[in-house]
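J.:
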Amino acid sequence: MGNSQAESSMNTSHSSATSLYSTLFSVFRRELRIAFRQQSDMINPILFFLMVVTMMPLGISPQASVLSELAPGLLWVIALLACLLSLDGLFRSDYEDGTLEQCILSTQPLYFIVLAKVVVHWLTTGLPLTLVAPLLGVLLSLPADGFIPLWLSLMLGTATLSFVGAIGAALTVSLRKGGLLLSLIIMPLYVPVLIFGASTVRYAVEGVAYGSTLAVLGGFFALAFVLAPLAIAGALRMSVEE
Amino acid sequence: MVNKSPNYFSKTSLGDAPNNHSLLTFNQVACHRDERVLFSGVNYTINSGDIVQITGANGIGKTTLLRAIIGLLQDYEGDIRWRGQSLDGRAIDKNSDNDIDKDADNYRYDFTSELLFIGHLAGVKQSLTPRENLQFLANLHGTTAYSLGQVDDALAQVGLYGYEDMPGHQLSAGQNRRIALARLYLNQATIWVLDEPYTALDAQAIKKLEALFVTHAEQGGCVVFTSHQAPAIQTLRILSLSDYVDDHKGNLDG
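Just so you know, the sequences run in chain order A and F. Residue 246 is where the first sequence ends in our numbering, and the numbering goes up by one at each step. Residue 1141 is where the second sequence ends in our numbering, and the numbering goes up by one at each step.
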């Protein structure tokens, strides 16, 4: 559906093709503005990440040998849950104030509007998580070899999580209490990303070549980037057209 | 645009014969919510220059009909046509091949590019200023890029001069409503579909809005809106949905 509209808008005239970018840009700028004005939404996942990681040495064991064993998996699991935490609100406010209706009625393809929204979501949640992750790696005595792979795998991984998670957020946006359902829908889809993300870091720590798992994560990201907006746009139409 | 299969018209008899000026035609339109039929058999033609108020009791389906027009509700019966072209992809699906099915998408696109819809929920973000809100909403359609000066002019028209940079949560409900209505001063759309445009507006603003409706109609556009108030517009046409309710025919109209 979103696809056919994309085609027709590109066929009809050149002027609407040029303004496609201006729409993309204006959605992008607007979402960034909203994110920076509602900073609590942005800070929440990072705070969660920070708190859980600092509690781990207290709860498990402060011994470096124990922690460094667990660090790759722990960091990844907590980052994933922090991403999940931020998803519920992704389309909620747009649904509640009618912005979503206007986006669907736009002559610009919903695909690109959604793409801009999800990219901003990643910039304001996944990217900050990725940036602070090596610091928290120090807290969990992650061996030095693991820092760059952790950073790379989280960069690709959280972006994939944003795109995949947005499908669930779009499907559940019209439900009053969609939070639980959202987690149930999304969790299974997050598992492959978690497996490959955590193995990337573990391989690096063990001194094994980690290029292949990182490449798989890259593949996940490429697929999600191209295909997820189609699914998100379709799900949003369904949610609004009820 | 050429109608590729003219026999669509002869296949079903139209309630009001469409003429050259007819923009929107309803043919035996029925809507239901869950199992309950809200209204059925709506035959109506909206011509260019018409201002149509949809009336009826609460819950009769005014908003549902509006959503069927703009395409946010696919689940209706009957046929809604824009400039003689059916906007319903499904109806065409059954009767013809893929070629024409693709046209239905294009007709929907043509219609959407001529549409301005302001719903119950106006699409105004509380954390943004009126200027940012209006600029986004007006440019979302992407038909024309509006400059900051044009946006400010439109805000001044709805009485928000001096409030351009104030965040939405510091404005009143009526002022937030006016941000959305300021789009009417910017948009080049032919058909305006407005759900309860008078909500939260003061008498002065309502008067100005009605004058704007008349101007738009005189320029060849049309306005379809719902309201429980009685507007002071001389050329107003009323589509009373209670005439199309089966069980209490005429009762709800009072």
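Where a beta carbon is used, it is the ideal one built from N, C-alpha and C, also for glycine.
Please give me, in chain order, every unbroken run of the alpha helix (DSSP H) with length at least 4 that falls completely inside the stretch 32 to 102 of chain A.
T.: Counting whole runs of 4 or more residues, the stretch 32 to 102 of chain A contains the alpha helix (DSSP H) stretches 43 to 63, 68 to 91 and 96 to 100.
J.: Got a sec: is the Cβ-Cβ distance from alanine 1009 of chain F to anything in chain A below 9 Å?
T.: Interface residue, yes.
J.: If I follow the unbroken beta strand (DSSP E) through aspartate 966 of chain F, where does it start and stop?
T.: Where aspartate 966 of chain F is concerned, the enclosing beta strand (DSSP E) stretches over 963 to 969.
J.: Under 8 Å by Cβ, that's how I've got tyrosine 1048 of chain F and leucine 1042 of chain F pegged, so tell me the actual separation to the nearest angstrom.
T.: Tyrosine 1048 of chain F to leucine 1042 of chain F, Cβ: 7 Å. Contact.
J.: Could you give the first and the last residue of the continuous alpha helix (DSSP H) run that contains leucine 193 of chain A?
T.: Note, leucine 193 of chain A: alpha helix (DSSP H), 183 to 210.
J.: Is it right to say glutamate 105 of chain A is buried, meaning 16 or more other beta carbons lie within 10 angstroms of its own, or is it exposed?
T.: Classification of glutamate 105 of chain A: buried, given that the 10 Å Cβ count is 16 or more.
J.: Mapping DSSP to helix, strand and coil, what is serine 864 of chain F?
T.: There is no way to answer for residue 864 of chain F, as the model of chain F reaches only from 888 to 1141.
J.: Let me know if threonine 22 of chain A comes out buried or exposed under the rule of 16 or more other beta-carbons within 10 Å of its beta-carbon.
T.: Confidence at threonine 22 of chain A is low in this model, with a pLDDT of 46, below 50, so the placement of that residue is unreliable and no value is reported for it.
J.: Listing by chain order, which chain F residues have their CB less than 7 Å from the CB of serine 243 of chain A?
T.: Going along chain F, no residue has its Cβ under 7 Å from serine 243 of chain A, so there is no contact; the nearest lies around 11 Å.
J.: What number of angstroms, rounded off, separates the C-alpha of alanine 10 of chain A from the C-alpha of phenylalanine 53 of chain A?
T.: Confidence at alanine 10 of chain A is low in this model, with a pLDDT of 42, below 50, so the placement of that residue is unreliable and no value is reported for it.
J.: Buried or exposed, going by whether 16 or more other CB atoms sit within 10 Å of the CB of glutamate 1105 of chain F?
T.: So glutamate 1105 of chain F counts as exposed.
J.: Could you list the residues in the stretch 1018 to 1049 of chain F with a C-beta less than 8 Å from some C-beta on chain A, going in chain order?
T.: Listed in sequence order: Glu1019, Gln1022, Phe1023, Leu1024, Asn1026, Leu1027, His1028, Gly1029, Thr1030 and Ala1032.
J.: Could you give the DSSP three-state label for isoleucine 957 of chain F: helix, strand or coil?
T.: Looking at isoleucine 957 of chain F - three-state DSSP - the assignment turns out to be helix.
J.: Check whether the Cβ atoms of leucine 221 of chain A and serine 157 of chain A sit closer than 9 Å, and answer yes or no.
T.: Yes, the Cβ-Cβ distance between leucine 221 of chain A and serine 157 of chain A is below 9 Å.
J.: Would you please verify whether the beta carbon of leucine 234 of chain A is less than 9 Å from any beta carbon of chain F?
T.: With 9 Å as the cut-off, leucine 234 of chain A does not count as an interface residue toward chain F.
J.: Counting only runs that start and end within the stretch 991 to 1049 of chain F, where is the beta strand (DSSP E) found for 3 or more residues in a row?
T.: The stretch 991 to 1049 of chain F contains these whole beta strand (DSSP E) runs: 1002 to 1005.
J.: Given this structure, state the Cα-to-Cα distance separating isoleucine 199 of chain A from arginine 206 of chain A, to the nearest angstrom.
T.: The straight-line gap from Cα to Cα measures roughly 10 Å.
J.: Are any of the Cβ atoms in chain A nearer than 9 Å to that of tyrosine 996 of chain F?
T.: So yes, tyrosine 996 of chain F belongs to the interface.
J.: Along the chain, where does the alpha helix (DSSP H) containing alanine 163 of chain A start, and where does it finish?
T.: Element bounds for alanine 163 of chain A: 151 to 176.
J.: For asparagine 985 of chain F, name the three-state secondary structure that DSSP assigns.
T.: Confidence in asparagine 985 of chain F is poor, its pLDDT being 49 and thus under 50, which makes the residue's placement unreliable; the coordinate value appears in the next sentence. Residue state, collapsed to three classes: helix.
J.: Mind listing which residues of the stretch 948 to 962 of chain F have their C-beta closer than 9 Å to chain A's C-betas, in chain order?
T.: Per Cβ criterion, the list reads Arg954, Ile957, Gly958, Leu959, Leu960, Gln961 and Asp962.
J.: If isoleucine 967 of chain F sits next to leucine 1126 of chain F, beta carbons under 8 Å apart, how far is it from one beta carbon to the other, in whole angstroms?
T.: About 13 Å separates the two Cβ atoms, so there is no contact after all.
J.: Counting only the same chain and skipping the five closest in sequence on each side, list residues whose C-beta sits under 6 Å from that of leucine 1003 of chain F.
T.: Contacts found: Asn1074, Ala1076 and Trp1079.
J.: Per the DSSP calculation, glutamine 940 of chain F is bridged to which residue(s)?
T.: F/Phe1112 and F/Ile1125, per the DSSP bridge assignment.
J.: Within 9 Å of any Cβ in chain A, is that where the Cβ of serine 973 of chain F sits?
T.: Not one chain A Cβ lies under 9 Å of serine 973 of chain F.
J.: Please classify glycine 928 of chain F: does DSSP put it in a helix, a strand, or coil?
T.: Strand at glycine 928 of chain F.
J.: Does any residue of chain A have a CB that is nearer than 9 Å to the CB of glutamine 1013 of chain F?
T.: Answer yes: the Cβ-Cβ gap between glutamine 1013 of chain F and chain A drops below 9 Å somewhere.
J.: Just mark valine 230 of chain A as buried or exposed, buried being the case when its beta carbon has 16 or more other beta carbons within 10 Å.
T.: Exposed, since its Cβ has fewer than 16 Cβ neighbours within 10 Å.
J.: What residues of chain C sit near glycine 1006 of chain F, judged by a beta carbon separation below 7 Å?
T.: Of the protein chains in this structure, namely A and F, none is chain C.
J.: DSSP three-state label for histidine 919 of chain F, please.
T.: Looking at histidine 919 of chain F - three-state DSSP - the assignment turns out to be strand.
J.: So, are the CB atoms of tryptophan 80 of chain A and alanine 202 of chain A less than 9 Å apart?
T.: Contact: yes.
J.: Counting only Cβ pairs nearer than 9 Å, list the residues of chain A close to threonine 1122 of chain F.
T.: Within chain A, no residue comes near threonine 1122 of chain F; the closest Cβ sits about 27 Å away, beyond 9 Å.
J.: Helix, strand or coil for glutamine 112 of chain A per DSSP?
T.: Residue state, collapsed to three classes: coil.
J.: Between which two residues does the beta strand (DSSP E) containing valine 244 of chain A stretch?
T.: Segment 215 to 244 is the alpha helix (DSSP H) holding valine 244 of chain A; no beta strand (DSSP E) there.
J.: Given a limit of 9 Å on CB to CB distance, which residues of the stretch 31 to 56 of chain A reach chain F?
T.: So the list reads Val31, Arg33, Arg34, Arg37, Ile38, Arg41 and Gln42, given in the order they occur along the chain.
J.: For asparagine 985 of chain F, does the count of other Cβ atoms within 10 angstroms reach 16, so buried, or fall short, so exposed?
T.: Its pLDDT being 49, under 50, asparagine 985 of chain F is placed unreliably by the model, and nothing is read from it.
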